[in-house]
Every structure is written in C-alpha cells, then in structure tokens.
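Going by our numbering, the first residue of the sequence shown is number 241, and it counts up by one from there.
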Amino acid sequence: MRQSLPVVFILVTLMLDAIGYGLIMPVMPDLIREVTGEDLSHAALWGGLLTGGFAVMQFLFGPVIGNLSDRYGRKLVLLLSLGMLAADYLVLALAGSIWLIFLARLVNGVTSATYGTASAYIADISTPQQKAQRFGLIGAAFGAGFILGPAVGGMLGEFGTRAPFLAAAAVAALNLVFGAFVMRESLKPENRRPFDWRRANPFGAFKNIGRLPGLGRFLTVYFAFEFAFTVYPVIWAYFSTARFGWSAGQVGLSLAYYGLGMVLVQGVLMRGAIRWLGRGGAMALGAAAALVSFSFLTVVESGVLALVLIPISSLSGLINPALRAEMSDRVEASQQGELQGALASLHALGMIVAPFVYTQVFAAFTGAGAIIELPGMVFALPALLSLIALILLRPQTERSPA
241 MRQSLPVVFI LVTLMLDAIG YGLIMPVMPD LIREVTGEDL SHAALWGGLL TGGFAVMQFL
301 FGPVIGNLSD RYGRKLVLLL SLGMLAADYL VLALAGSIWL IFLARLVNGV TSATYGTASA
361 YIADISTPQQ KAQRFGLIGA AFGAGFILGP AVGGMLGEFG TRAPFLAAAA VAALNLVFGA
421 FVMRESLKPE NRRPFDWRRA NPFGAFKNIG RLPGLGRFLT VYFAFEFAFT VYPVIWAYFS
481 TARFGWSAGQ VGLSLAYYGL GMVLVQGVLM RGAIRWLGRG GAMALGAAAA LVSFSFLTVV
541 ESGVLALVLI PISSLSGLIN PALRAEMSDR VEASQQGELQ GALASLHALG MIVAPFVYTQ
601 VFAAFTGAGA IIELPGMVFA LPALLSLIAL ILLRPQTERS PA
C-alpha cells in the first residue's frame, strides 16, 4: 500500500486539476462579459485569445518546466505549479479587468507543469512493464475529472460567476497541502543534470529528443494524434448541430459519453491490451480504431450511427499511454522531464494550429458559400493523420551489418 501511495497522489492530483479546470468552463463566458461589458460574440473572441495565449505559453515553456524538473526534482516543480494554479484561480475570481484575466492565463500557461511533471514522476517510479498501464490511469484520472468538473461548475455558477473560480482555487490549494505531506521525491540525485537553455526551448528539446533512436518517428505519431483529436473539442458541437440538429444538451451528453469511453479504455482496458497485444499492438489497434471512426464520421448522416462510432473512437485511448511508455523507455532517467516537456509543447502546438485549420475546413463545407454541403469533411484530415500514424507504427526491422 505504501508503495502505491505516490501513484494514488498523482492520480488524485490530476483528477482534481482537471476538475478545477472544468469548474470554470461553464462560467468563463459570463465572467468575460461581466468585466468587458461586451456581448457573447465579442466574449467568444476574448475566450479564443485567452485559450490561444495559454497554449502559446505552454508551447514555449513546457520544455523549460520539464528541464527544471530534471534539475531540481519533480516534487518542487509540481508543488510550485499547484501553488501558481491556486493563485491563478484566485486572481480570476477577483479580477475586474480583462487584461488581468489575460495575464493570469498567460502565467498559468507558463506554470502548467502538472500533467508533464506527473508523467515524469510516474516514469521515475515505474518499471517498464508498469508504465503503459500507469500512463493509462493518468489519462483516465484526468478524463474523469474533466467529466465531473463542468457539471459541478455549472451548478456552482448558479451561486454567482465567481463561485466556481473560488472553488477551483480551494481545490488546488488543498491538493498542494496534500502533496506537500504525501509526495516523496522520485528523481534520485545521481539522475539529475544541469539546466541547459539550449535544451530548455521547444526547438532545442525536439532536436535533442528526436535524434535518439526511434524517437523521431514516435514524436511524429504523437503530434499527429494530438492534432487529430483536437477536432472533438473544436468542432464536434458545430458538426453535430449542423449534421444531426442536436441540441446543446445532446451535444454535451455525447461528449460525456465519449469521455466516459476514454476513461474506461485507459483506466480498465489498457492493462489487458498491453498484456495481450503488447505496446505495439495496442498502439496499432488504437490507430486503426481512430482511422475507422474518423472515416465514417466524414460521411455519416445518422446521429445514432455517430453514437455507435463513439465506443470505436474511444479505443484510440490506447495510443497515448502506450506511446508515452515506449518513448519513456528510450530516454535516460535524467531526460524524463525533458521528454515530457517536449510532449507538452507538441500538445500545445496542436492546440494553437488545429482550431484555425478545423474551423476553416468546416466553414468551407457548410453554409451558403460551401464548396459542397458536407459538414463531416472536417474529419477527413484526422482520418488521414490516423492513416499516416498507422503506417509509422508498423514494426521496424533492424538491418543486420554486412
């Protein structure tokens, strides 16, 4: 039990982190309108700037945070991140200016080390056989929190616009105290290395990590899927409304259904998939499931069939944990933070670029000026990326020396 306590702490941390993030989602538009006096359409523009600014900071500083955790240890970086997160939510709860809100989101983008540092922590304390399953549990914990957060946030929003932000600050602060007493450092002193600015930037991190044997291929697959699956939070509400005429409630339930599927796949099925198929087989199954679901969504006309496709799409949840485990095994103990920081930057890059691409494609195939009325065409690009990833995941044969 004592050996599993650090894993439990990490899972609780990520679930509470996701709950805190989800708490503020339902009321953020109202907060922006409150401090700006603008209508909903202008609030949406500000919301896009806030999201984009957060992602840019995460892209730039993900490797910095990862390298700092390789130098000073996971516990210090993770606890500082939780402290900054609590402060960020408190500022949002008290903010009377959109610029203060914008600054708070930029700072939080810089310090959003929770997921990457937690992944490095898990890599430190896990055997190669445990990594994929535990990375799956990380994804499941984060997903469970993300399902619960918006529901609780919506209810708290009934008590005022600021209530969810105060609740999120309290959750982060309690988690900080919990971690300070329970968490033990996972990075041994002999595995620490000096901080190097040449490696602590996105491009330096990609270059340094990517040149390790096999890592370039896996980084490409990772980015392909990060980009592909951004289509759901960006476009699903618009697509399902245009294609099936769903209400906001139906859209929300379908996303919760998808999230629940991902939680079950990563939290329950992951262990069996690794045992039966191995990491390579689990990744290939996930990529094939993504290819099938995205391909059918391109042309689907029935909302019922779209719901049938969601469990198939959920199987793609096998990819990320197995892929992270595979990459983690290929780097030294002193580079785990650097690797996770690079992955955080790739995730942020997808969040920066993908929304622009998907919204433009969706607009080109819907409405009065559409090339052809086909809302599902937006899923053609994720289908293509899934096919490319599936090809890259084919077993590589080693050439024997002549």
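By construction, the Cβ of each residue, glycine as well, lies at the ideal position given by its N, Cα and C atoms.
Coarse secondary structure for residue i, derived from DSSP in three states
| i | result |
| --- | --- |
| Thr253 | helix |
| Trp486 | coil |
| Ala445 | helix |
| Trp476 | helix |
| Asp328 | helix |
| Ser568 | helix |
| Asp310 | helix |
| Thr470 | coil |
| Lys371 | helix |
| Pro635 | coil |
| Arg614 | The sequence as given places Leu at residue 614; Arg does not occur at that position. In this structure, Leu614 counts as coil in the three-state DSSP scheme. |
| Gly277 | coil |
| Ala608 | coil |
| Ala335 | coil |
| Val597 | helix |
| Val317 | helix |
| Val267 | coil |
Residue i to residue j span [Cα, whole Å]
| i | j | result |
| --- | --- | --- |
| Glu566 | Ala372 | 8 Å |
| Phe596 | Trp437 | 31 Å |
| Ser585 | Gly450 | 13 Å |
| Pro561 | Val304 | 23 Å |
| Ala440 | Ala528 | 34 Å |
| Ala468 | Pro622 | 4 Å |
| Lys428 | Leu308 | 14 Å |
| Arg374 | Ile611 | 46 Å |
| Ala381 | Ala258 | 8 Å |
| Val411 | Ala603 | 39 Å |
| Phe294 | Ile592 | 9 Å |
| Arg483 | Pro615 | 6 Å |
| Ala391 | Pro434 | 44 Å |
| Val511 | Phe479 | Checking the sequence shown, residue 511 turns out to be Arg, not Val. For Arg511 and Phe479, the distance between alpha carbons rounds to 34 Å. |
| Ala403 | Leu396 | 6 Å |
| Gln580 | Gly356 | 5 Å |
| Thr276 | Ser337 | 7 Å |
| Glu425 | Ala413 | 20 Å |
| Val474 | Phe301 | 24 Å |
| Pro635 | Pro551 | 26 Å |
| Ala524 | Leu406 | 43 Å |
| Arg493 | Leu547 | In the sequence as presented, Arg is not what sits at residue 493; that position holds Leu. Rounded to whole angstroms, Leu493 to Leu547 spans 10 Å at the Cα level. |
| Leu343 | Gly609 | 38 Å |
| Tyr498 | Glu430 | 43 Å |
| Phe386 | Arg311 | 31 Å |
Beta-carbon separation (whole angstroms), residue i vs residue j, contact threshold 8 Å
| i | j | result |
| --- | --- | --- |
| Ile365 | Pro246 | 6 Å |
| Ala360 | Gly577 | 5 Å |
| Val461 | Leu563 | 6 Å |
| Gly260 | Ala496 | With 8 Å as the limit, Gly260 and Ala496 do not qualify as a contact, their Cβ atoms being about 18 Å apart. |
| Gly526 | Ser556 | 5 Å |
| Leu256 | Leu377 | No, Leu256 and Leu377 are not in contact; Cβ-Cβ is about 15 Å, not under 8 Å. |
Local Cβ density within 10 Å of residue i, reported as buried at 16 or more and exposed below that
| i | result |
| --- | --- |
| Trp516 | exposed |
| Arg519 | buried |
| Ala333 | buried |
| Trp486 | buried |
| Trp339 | exposed |
| Ala363 | buried |
| Ile631 | exposed |
| Arg345 | buried |
| Thr367 | exposed |
| Glu572 | exposed |
| Gln369 | exposed |
| Gly313 | buried |
| Gly501 | buried |
| Val248 | exposed |
| Ser553 | buried |
| Thr506 | It is Gln, not Thr, that sits at residue 506 in the sequence shown. Per the 10 Å Cβ criterion, buried. |
| Ala642 | For Ala642, the pLDDT reaches just 37, beneath the cut-off of 50, and the residue's location in the model is therefore unreliable, leaving the point undetermined. |
heavy atom of the ligand COA below 7 Å from residue i C-beta
| i | result |
| --- | --- |
| Leu614 | Ligands are entirely absent from the displayed structure, and the ligand COA is therefore not among its contents. |
query = Where in the segment 483-544 do unbroken runs of the beta strand (DSSP E), each at least 3 residues long, occur, reported from the N-terminal end onward?
reply = none
Practice item. Quick one: which unbroken alpha helix (DSSP H) runs of 4-plus residues sit fully inside the segment 408-456? Chain order, please. Key: 442-450
Worksheet item: Which parts of the segment 341-400 are runs of the alpha helix (DSSP H), unbroken and 4 residues or longer, counting only runs that do not cross its ends?
Response: 354-365, 368-396
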